[in-house]
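Asker:
Protein chains: 2
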Amino acid sequence: MANPIEFYFDFSSPYGYIASCKIDAIAEKHGREVAWRPFLLGVAFKATGGTPLPSIPMKGPYHERDFPRSAKFHGVEYHQPEAFPIATVAPARAFYWLDGKDPKRAKALAKALYHAYFVEGIDISNAENTIAVCAALGLNADEVRAGISDQMVKDRTKAAVDKAIARGAFGSPFIVVDDEPFWGSDRLDQIDKWLHTGGW
Amino acid sequence: MANPIEFYFDFSSPYGYIASCKIDAIAEKHGREVAWRPFLLGVAFKATGGTPLPSIPMKGPYHERDFPRSAKFHGVEYHQPEAFPIATVAPARAFYWLDGKDPKRAKALAKALYHAYFVEGIDISNAENTIAVCAALGLNADEVRAGISDQMVKDRTKAAVDKAIARGAFGSPFIVVDDEPFWGSDRLDQIDKWLHTGGW
Chain W
77 MANPIEFYFD FSSPYGYIAS CKIDAIAEKH GREVAWRPFL LGVAFKATGG
127 TPLPSIPMKG PYHERDFPRS AKFHGVEYHQ PEAFPIATVA PARAFYWLDG
177 KDPKRAKALA KALYHAYFVE GIDISNAENT IAVCAALGLN ADEVRAGISD
227 QMVKDRTKAA VDKAIARGAF GSPFIVVDDE PFWGSDRLDQ IDKWLHTGGW
Chain E
77 MANPIEFYFD FSSPYGYIAS CKIDAIAEKH GREVAWRPFL LGVAFKATGG
127 TPLPSIPMKG PYHERDFPRS AKFHGVEYHQ PEAFPIATVA PARAFYWLDG
177 KDPKRAKALA KALYHAYFVE GIDISNAENT IAVCAALGLN ADEVRAGISD
227 QMVKDRTKAA VDKAIARGAF GSPFIVVDDE PFWGSDRLDQ IDKWLHTGGW
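Listed in order, the protein sequences are those of chains W and E. Throughout, the working numbering is defined as the position within the first sequence, counted from one, plus 76. Throughout, the working numbering is defined as the position within the second sequence, counted from one, plus 76.
#1: Threshold first: 3 residues or longer. Then list the beta strand (DSSP E) segments lying entirely within the stretch 95–121 of chain W, N to C.
#2: Mind listing which residues of the stretch 235–249 of chain E have their C-beta closer than 9 Å to chain W's C-betas, in chain order?
#3: Using a threshold of 8 Å, state whether the C-beta atoms of W:PRO90 and W:PHE194 are closer than that.
#4: Closer than 8 Å, CB to CB, is W:LYS148 near chain E or not?
#5: Drop a sphere of 10 angstroms on the beta-carbon of E:MET228, count the other beta-carbons inside from all chains shown, and report buried for 16 or more, exposed for fewer.
#6: Less than 8 Å between the C-beta atoms of W:TRP276 and E:LYS148, yes or no?
#7: Using a Cβ-Cβ cut-off of less than 8 Å, list which residues of the stretch 80–95 of chain W approach chain E; keep chain order.
#8: On a CA-only basis, which of W:TYR84, W:PRO114, W:VAL209 is nearest W:ILE251? Give me that one, please.
#9: Whose Cβ in chain E lies nearer than 7 Å to the Cβ of W:TRP276?
#10: Verify the CB distance criterion: does W:GLN156 have a CB-CB separation below 8 Å to chain E?
#11: Could you tell me the alpha carbon to alpha carbon distance between E:THR164 and E:GLY126, rounded to whole angstroms?
#12: How close, in whole Å, do the beta carbons of W:THR124 and E:LYS180 come, if the pair is a contact with beta carbons under 8 Å?
#13: Got a sec, what are the start and stop residues for the beta strand (DSSP E) W:PHE83 sits in?
#14: Mapping the DSSP letters down to three states, classify E:GLU256 as helix, strand or coil.
#15: Please state whether the Cβ-Cβ distance between E:PHE87 and E:PRO130 is less than 8 Å.
#16: Return the first residue and the last residue of the alpha helix (DSSP H) that E:LEU264 is part of.
#17: Is there a Cβ from chain E that is less than 8 Å from the Cβ of W:ASP268?
#18: Once the 5 residues before and after W:TRP112 are set aside, which same chain residues still bring their CB inside 6 Å of it?
#19: Is it right to say E:SER225 is buried, meaning 16 or more other beta carbons lie within 10 angstroms of its own, or is it exposed?
#20: Which residue from W:HIS272, W:PHE246, W:THR273 puts its Cα closest to that of W:GLY260?
#21: Is there contact between the stretch 211–220 of chain E and the stretch 99–118 of chain E, where contact requires at least three CB pairs shorter than 8 Å?
#22: From W:GLY274, W:LEU264, W:HIS272, pick the residue whose C-alpha is nearest to that of W:CYS97; which is it?
#23: To be precise: take each residue of the stretch 117–133 of chain W, compare its Cβ to all Cβ atoms of chain E, and keep it if any distance is under 9 Å. Which residues remain?
#24: Please name the residue in E:GLY107, E:VAL152, E:ALA188 whose C-alpha comes closest to that of E:ALA168.
#25: Within 8 Å of any Cβ in chain E, is that where the Cβ of W:LYS98 sits?
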């Protein structure tokens with residue numbers, strides 16, 4: 077069986093969100109699995125000297141326009157959150173807490189967290205808001221709260237972030253297909269073709 | 077008649093080159109003209125704090141891979157030039173010298189310059205190499221040499237670069253369709269759709 081496609085994303089990334097709505101269907105078309113791997117863009121930015129888009133002159137205003145336009149182009153519901161960008165340690169830890177026990181459910185949680193932020197406008201940087209999203213999925217709020225404070229979960233999250241960066245993830249989404257890296261939701265068409273032809 | 081599509085690009089930009097091979101056909105499909113407008117990315121970088129891709133950790137190596145892959149995806153011949161990136165004042169001035177007299181031929185020159193750099197590997201930052209490309213197109217080498225040293229041509233080039241940046245061009249290609257800006261050769265599909273629907 078082929079390796080799963082590695083899908084690295086930050087919960088605060090609009091293009092990560094767009095890709096999250098598409099990547100499973102593309103993989104499935106080619107009989108492939110996807111390993112969802114949230115990471116923290118802020119840590120990657122320390123390595124590259126990157127800064128969040130909204131703070132960059134000219135580029136910031138452009139992307140404000142490109143986020144909803146690209147979402148619409150891909151047929152994805154999108155509402156620009158008021159709090160943006162946000163720190164995503166809490167949702168990342170909630171993900172890795174659950175991923176340690178139930179990877180399939182962790183993927184459903186990632187989708188719910190993205191939906192909460194980019195459709196409902198809920199600020200998931202707030203741990204209690206992340207916990208509420210977990211609870212709405214049927215998880216026990218107290219267990220989640222304990223989980224995201226657990227040192228083992230913190231360590232697992234840190235290791236996952238380090239692994240993403242070691243894999244080359246300097247932006248979100250960063251998608252690796254059999255060691256071939258693709259950056260951006262605008263590379264989904266290349267990924268689809270790559271999976272079809274096995275390179276070109 | 078609708079305004080021409082504004083196509084801002086730097087002669088050293090791989091994605092600008094890819095777009096240059098596609099933009100006229102997309103425009104023509106929708107009955108539109110394209111105004112080719114070379115500019116200098118280095119000047120835009122002063123406004124945004126941007127830096128050339130190869131100098132950025134992680135991002136640089138990724139793009140080395142993405143340049144030829146994206147070219148291939150779009151069916152465009154591409155050879156990574158050894159001298160990269162390069163200063164593009166000489167080709168930009170040659171373009172605006174000719175554009176002042178014969179805009180159609182200036183477009184043909186832009187294509188020839190891109191081909192010289194990204195297919196034949198000729199370092200067009202060298203004014204004599206740029207002049208040789210002009211001469212191969214049937215232009216008089218001495219006239220080109222005098223043209224690119226002409227203060228009026230220098231001023232015209234500077235004004236064009238300033239206009240590109242005033243239009244928001246922080247990267248290359250930067251394509252404006254009826255005041256809607258698109259950045260990157262990976263937005264060509266959105267441009268095609270935008271021209272078809274008039275927005276969405």
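Backbone N, C-alpha and C fix where the C-beta goes; we use that ideal spot for every residue, glycine too.
Answerer: Quick look at the numbers:
#1: Fully enclosed beta strand (DSSP E) runs of 3 or longer: 110–114.
#2: Residues are counted here when their Cβ sits less than 9 Å from a Cβ of chain W; for the stretch 235–249 of chain E these are ILE241, GLY244, ALA245, PHE246, GLY247, given in chain order.
#3: Yes.
#4: Against chain E, the CB of W:LYS148 has a partner CB under 8 Å away; the residue lies at that interface.
#5: Label assigned to E:MET228: exposed.
#6: The beta carbons of W:TRP276 and E:LYS148 sit closer together than 8 Å.
#7: Listed by position, the residues of the stretch 80–95 of chain W near chain E (Cβ gap below 8 Å) amount to none.
#8: Ranking W:TYR84, W:PRO114, W:VAL209 by CA distance to the CA of W:ILE251 puts W:TYR84 first.
#9: Among the residues of chain E, those whose CB is under 7 Å from the CB of W:TRP276 are LYS148, following chain order.
#10: No, W:GLN156 does not count as interfacial toward chain E.
#11: Rounded to the nearest whole angstrom, the CA to CA distance from E:THR164 to E:GLY126 is 17 Å.
#12: About 42 Å; that fails the 8 Å criterion.
#13: Start and end: 81–85.
#14: Correct three-state label for E:GLU256: strand.
#15: No, the pair does not count as a contact, with Cβ atoms beyond the cut-off.
#16: It spans 264–273 - the alpha helix (DSSP H) in which E:LEU264 sits, taken as one unbroken run.
#17: No - not a single Cβ of chain E is within 8 Å of the one on W:ASP268.
#18: Excluding sequence neighbours, W:TRP112 sits near PHE83, LYS183, ALA186.
#19: When all chains shown are included, E:SER225 counts as exposed.
#20: Among W:HIS272, W:PHE246, W:THR273, the Cα nearest to that of W:GLY260 is on W:PHE246.
#21: Contact between the stretch 211–220 of chain E and the stretch 99–118 of chain E is absent, because fewer than three Cβ pairs lie under 8 Å.
#22: Closest by C-alpha distance to W:CYS97, out of W:GLY274, W:LEU264, W:HIS272, is W:LEU264.
#23: Per Cβ criterion, the list reads ALA120, ALA123, THR124, GLY125, GLY126, THR127, ILE132, PRO133.
#24: Among E:GLY107, E:VAL152, E:ALA188, the Cα nearest to that of E:ALA168 is on E:ALA188.
#25: No, because no Cβ of chain E sits closer than 8 Å to the Cβ of W:LYS98.
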